[in-house]
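Quick note, the sequence shown lines up with residues 4 to 505 if you use our numbering. Working notes for the structure below.
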Amino acid sequence: MTSTRRSFPPALAVLLLAAASAFFLLGSRPLWEPDEGRFTNVALQMLESGEFISLYRHPESLHFTKPPVTYWAIAASVASLGWNEWAVRLPGALAHLGIVALLLRIGRHFAPRRPWLPALVYASLPVPLLGAGVVTTDTPLTFATTLAFACYSIARFEGRPGFVLGMWAAFGLAFLTKGPPALVLLAGLALVHHRDGDGLRFWHPAGLLLFALVGLAWYAVVVARHEGLLGYFLGYEVYARIATDTHQRHPQWWGGFYVYGLTLSLGTLPWWPWALAAWRRAGLGWRQAAPETRQLLLPLALGLAVFLLARSRLPLYLLPLFPLLALLLGRALQEARFGPPRVLAVTAVLGLALGLRLATTHLEVIAGWLPEKQAARVPLHKNTAEWARALEALAPFRIEEVVFVNDMARLGLHLYLRAPVEKVDFDGDLASKPISDAPFDDVLGNELRETPEPAGRIFVMREASVPRFEAEARAAGWAPQRLGTVRDRVVYALARPGDSGG
């Protein structure tokens with residue numbers, strides 16, 4: 004009598020690995036300012052106001068720096084799971100897991116000998132894994148563009164043209180997640196189709212209609228609602244990012260080579276040296292490349308060129324290219340041997356990425372171990388949870404509003420204190436306040452004239468702002484009460500003259 008031994012399905016093993024990595028310490032790290040606090044705050048504004056179309060940083064300030072999909076996802080997660088870091092980061096982790104699942108679905112077209120290998124490559128790359136634990140639009144965008152790429156691949160290689168409609172709907176979702184960057188991969192696939200279309204109907208009228216309904220309807224509504232918003236979108240969010248140094252994100256001519264060179268060389272370890280060696284041994288060139296290879300190389304080359312030329316550059320901007328890189332690496336290595344040294348190398352890089360996650364949850368401890376000079380470089384001031392604990396310890400009442408005076412607002416406090424966060428300026432001109440992404444919400448004079456005084460309001464500022472704040476507060480009929488300091492910021496409350504402690 005013989006017994007059969009069932010092997011563990013590689014695809015399931017990859018999914019389990021991806022899930023364990025994506026959810027590792029997901030809710031243990033506090034929100035970091037400014038980006039995580041900003042995204043979270045806008046989503047919480049949705050929940051509190053019930054307004055899910057127009058985006059607000061504060062009831063007095065619109066905030067249209069990104070389209071709504073990521074905010075909607077965070078708001079839905081927080082409404083279901085509570086006001087905590089786990090709920091805020093869950094959409095990114097699920098998007099990461101969805102990308103791995105999509106690569107498993109189409110892996111057989113690009114690495115038929117090991118169809119699970121591209122998904123394993125992606126699940127073990129440090130940049131996607133670290134990006135999945137950060138509250139940004141980049142991982143949700145990457146899920147949407149990968150879904151579009153997968154639909155096109157199924158339509159093309161499986162003879163199922165109906166999936167072209169899915170591709171257009173997915174690109175609409177991508178455009179509703181981050182706007183124009185979603186079109187980079189679309190342009191790449193259009194080039195592929197022009198060269199190797201195989202008779203597939205790419206520019207399908209029903210598909211274009213789906214893209215318009217999914218990707219453009221929201222833009223049409225908010226532009227109609229808010230005068231001047233179209234100019235903001237085209238000028239500040241498109242032209243300024245592509246052609247100017249307005250956003251100050253490595254705009255130098257060499258900035259793209261520095262940022263993206265490091266991102267690609269370190270972010271695809273340990274796979275790219277092995278794949279490059281395998282490709283060189285195979286002696287493959289562009290002319291000998293199979294259609295599947297060209298479908299990866301053309302969008303990758305176009306995407307990298309566009310991101311290099313644009314003058315606003317951050318490492319995670321390249322994230323939508325990483326699923327294609329994973330497919331390309333998996334294709335190159337589908338026949339390679341994976342002995343213990345290579346398995347150990349992959350495990351080490353994955354462990355390093357997870358170790359970085361662990362380290363970011365204990366920065367205070369790490370700073371305590373370092374010499375004073377090095378400890379000063381640890382960005383503890385970005386820890387919003389620590390700010391919340393310190394403010395609660397100072398305030399003799401429940402904090403119901405936090406007002407930052409001539410200072411950067413820590414918007415993530417909204418999550419921890421369940422209180423709105425506002426930024427006021429001494430001399431801001433409300434008449435010329437930008438329609439979105441304004442440098443302030445209100446001017447201090449207006450804030451001090453609010454009647455009745457909101458219970459539980461505190462003011463946070465630099466020491467240099469204290470004399471003017473106190474003078475304006477007294478002129479408005481308040482008795483400023485200094486509660487103490489948080490890091491290098493001063494915290495005040497207001498009372499009426501003659502009140503206890505006033």
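Backbone N, C-alpha and C fix where the C-beta goes; we use that ideal spot for every residue, glycine too. In this text, all values refer to a predicted model and were calculated from it rather than measured experimentally.
Self-check item: Residue range of the alpha helix (DSSP H) that includes Pro-470
Solution: If you number the sequence shown from 1, residue 470 lands on position 467. First-last of the alpha helix (DSSP H) with Pro-470: 469-478.
Quiz item: Tell me the DSSP bridge mates of Ala-496?
Solution: Taking the sequence shown and counting its residues from 1, the one referred to as residue 496 is at position 493. According to DSSP, which records beta bridges pairwise, Ala-496 is partnered with Ile-461 and Gln-484.
Exercise. Go through its chain and collect everything with a Cβ distance to Ala-243's Cβ below 7 Å, but skip five positions before and after it.
Key: As a first step, residue 243 must be located in the sequence shown, where it is residue number 240. Around Ala-243, the same chain offers Thr-249 and His-250 as residues with beta carbons nearer than 7 Å, after the five sequence neighbours per side are excluded.
Quiz item: With distances taken from CA atoms, which of Ala-281, Trp-481, Arg-460 and Tyr-495 is nearest Val-469?
Solution: The residue labelled residue 469 in the question sits at position 466 within the sequence shown. Residue Tyr-495 is the option with its Cα nearest to Val-469.
Exercise. Following the continuous beta strand (DSSP E) through Val-405, name the residue where it begins and the one where it ends.
Key: Taking the sequence shown and counting its residues from 1, one reaches residue 405 at position 402. Here the beta strand (DSSP E) through Val-405 covers 404-408.
Quiz item: How should Arg-316 be labelled, buried or exposed, when 16 other C-beta atoms within 10 angstroms of its C-beta is the threshold for buried?
Solution: Here residue 316 is taken as the residue at index 313 of the sequence shown, counted from 1. That one is buried.
Quiz item: Which runs of the beta strand (DSSP E) spanning at least 3 residues fall entirely within the segment 6-77, listed in chain order?
Solution: The segment 6-77 contains these whole beta strand (DSSP E) runs: 59-61.
Self-check item: Member of Leu-305, Leu-416, Ser-268 and Leu-219 whose CA lies at the smallest distance from the CA of Pro-33
Solution: The residue labelled residue 33 in the question sits at position 30 within the sequence shown. The shortest C-alpha separation from Pro-33 is found at Leu-416.
Quiz item: If we count the other Cβ atoms within 10 Å of its Cβ and call it buried at 16 or more, is Val-224 buried or exposed?
Solution: Sequence index remark: in the sequence shown, residue 224 carries index 221 (1-based). Counting of Cβ neighbours within 10 angstroms places Val-224 among the exposed residues, the total staying below 16.
Quiz item: Fully enclosed by the segment 290-370, which alpha helix (DSSP H) runs are 4 residues long or longer?
Solution: Fully enclosed alpha helix (DSSP H) runs of 4 or longer: 294-312, 325-335 and 343-363.
Quiz item: Contact between the segment 127-134 and the segment 343-358: three or more CB pairs below 8 Å?
Solution: With a cut-off of 8 Å, the segment 343-358 and the segment 127-134 count as touching, because enough Cβ pairs lie within range.
Quiz prompt | Helix, strand or coil at Lys-436 according to DSSP, with G and I counted as helix | solution = As a working mapping, residue 436 is identified with position 433 in the sequence shown. Lys-436 sits in coil when the DSSP states are folded into three classes, being neither helix nor strand.
Quiz item: What does a CB cutoff of less than 7 Å around Thr-364 pick up in its chain, not counting 5 residues either side in sequence?
Solution: By one-based count along the sequence shown, residue 364 stands at place 361. So the qualifying residues of the chain are Leu-28, Ser-31 and Arg-32.
Practice problem: Have a look at the DSSP bridge pairing and note the partners of Glu-425. | Solution: For the purposes of this step, residue 425 is taken as residue 422 along the sequence shown, with counting starting at 1. DSSP lists Val-406 as the beta-bridge partner residues of Glu-425.
Quiz item: alpha helix (DSSP H) containing Gln-255: first to last residue?
Solution: Within the sequence shown, residue 255 is the residue found at index 252, counting from 1. Careful: Gln-255 lies outside any alpha helix (DSSP H) and carries neither H nor E.
Quiz item: Is any heavy atom in the ligand FAD found nearer than 6 Å to the beta carbon of Glu-403?
Solution: Absent from the structure shown: the ligand FAD. Ligands present: none.
Practice problem: Taking Arg-460 and Leu-497 to be in contact with their CB atoms under 8 Å, please state how far apart those CB atoms are, rounded to whole angstroms. | Solution: Taking the first residue of the sequence shown as 1, we reach residue 460 at position 457. Taking the first residue of the sequence shown as 1, we reach residue 497 at position 494. Confirmed, about 7 Å.
Quiz item: Does DSSP classify Asp-445 as helix, strand or coil?
Solution: Looking up residue 445 in the sequence shown gives position 442. Reduced to three states, the DSSP call for Asp-445 is strand.
Quiz item: How would you label Leu-192, buried or exposed, when you count the other beta carbons within 10 angstroms and need 16 or more for buried?
Solution: As a position in the sequence shown, residue 192 is number 189, starting the count at 1. Of the residues assessed, Leu-192 falls on the buried side of the cut-off, its CB having 16 or more other CB atoms within 10 angstroms.
Quiz prompt | C-alpha distance - Val-137 paired with Pro-323, whole-angstrom precision | solution = Numbered from its first residue, the sequence shown carries residue 137 at position 134. Numbered from its first residue, the sequence shown carries residue 323 at position 320. Note on geometry: alpha-carbon atoms of Val-137 and Pro-323 lie some 15 Å from one another.
Quiz item: So, do the segment 68-88 and the segment 42-51 have three or more beta carbon pairs nearer to each other than 8 Å?
Solution: The segment 68-88 vs the segment 42-51: in contact.
Practice problem: Can you grab the Cα-Cα spacing for the pair Ala-280 / Ala-335, in whole Å? | Solution: The residue labelled residue 280 in the question sits at position 277 within the sequence shown. The residue labelled residue 335 in the question sits at position 332 within the sequence shown. About 9 Å.
Practice problem: Express the C-alpha separation of Phe-429 and Leu-269 in angstroms, rounding to a whole number. | Solution: Taking the sequence shown and counting its residues from 1, the one referred to as residue 269 is at position 266. Taking the sequence shown and counting its residues from 1, the one referred to as residue 429 is at position 426. Answer to the nearest angstrom: the Cα atoms are 45 Å apart.
Practice problem: Give me the Cα-Cα distance between Asp-491 and Leu-321, rounded to the nearest whole angstrom. | Solution: As a working note, residue 491 is residue 488 in the sequence shown. As a working note, residue 321 is residue 318 in the sequence shown. Roughly 36 Å separates the two Cα atoms.
Quiz prompt | Where the alpha helix (DSSP H) through Ala-215 begins and ends | solution = Within the sequence shown, numbered from 1, the residue matching residue 215 stands at position 212. For Ala-215, no alpha helix (DSSP H) run applies, since DSSP gives it neither H nor E.
Quiz prompt | Start-to-end residues for the alpha helix (DSSP H) that takes in Leu-203 | solution = Locating residue 203 in the sequence shown gives position 200, counting from the first residue. First-last for Leu-203: undefined, no H or E at that position.
Quiz item: If you draw a straight line from the alpha carbon of Ala-16 to that of Arg-111, how long is it in whole angstroms?
Solution: Position 13 of the sequence shown, counted from the start, is the residue given in the question as residue 16. Position 108 of the sequence shown, counted from the start, is the residue given in the question as residue 111. Near 16 Å, if we compare the C-alpha coordinates of Arg-111 and Ala-16.
Quiz item: Three or more C-beta pairs closer than 8 Å, one from the segment 180-191 and one from the segment 140-157: is that the case here?
Solution: These segments touch.
Quiz item: Taking the alpha-carbon positions, what's the Gly-264 to Val-187 distance?
Solution: Your numbering for residue 264 matches position 261 in the sequence shown. Your numbering for residue 187 matches position 184 in the sequence shown. One Cα belongs to Gly-264, the other to Val-187, and the distance between them is close to 19 Å.
Practice problem: For the segment 209-224 and the segment 160-179, state whether three or more C-beta atom pairs, one from each stretch, are separated by less than 8 Å. | Solution: Judged by Cβ distances under 8 Å, the segment 209-224 makes contact with the segment 160-179, as three or more pairs qualify.
Exercise. For Val-381, name the three-state secondary structure that DSSP assigns.
Key: By 1-based counting over the sequence shown, the position of residue 381 is 378. Note: Val-381 maps to coil in three-state DSSP.
Self-check item: Selected residue, minimal CA-CA separation from Tyr-155, among Leu-176, Leu-120 and Val-195
Solution: On the sequence shown, position 152 is the one that residue 155 refers to. Here the closest residue by C-alpha is Val-195.
Practice problem: Determine the contact status of Val-424 and Ala-412, defining contact as a CB-CB distance below 7 Å. | Solution: Position 421 of the sequence shown, counted from the start, is the residue given in the question as residue 424. Position 409 of the sequence shown, counted from the start, is the residue given in the question as residue 412. The answer is yes: Cβ separation under 7 Å.
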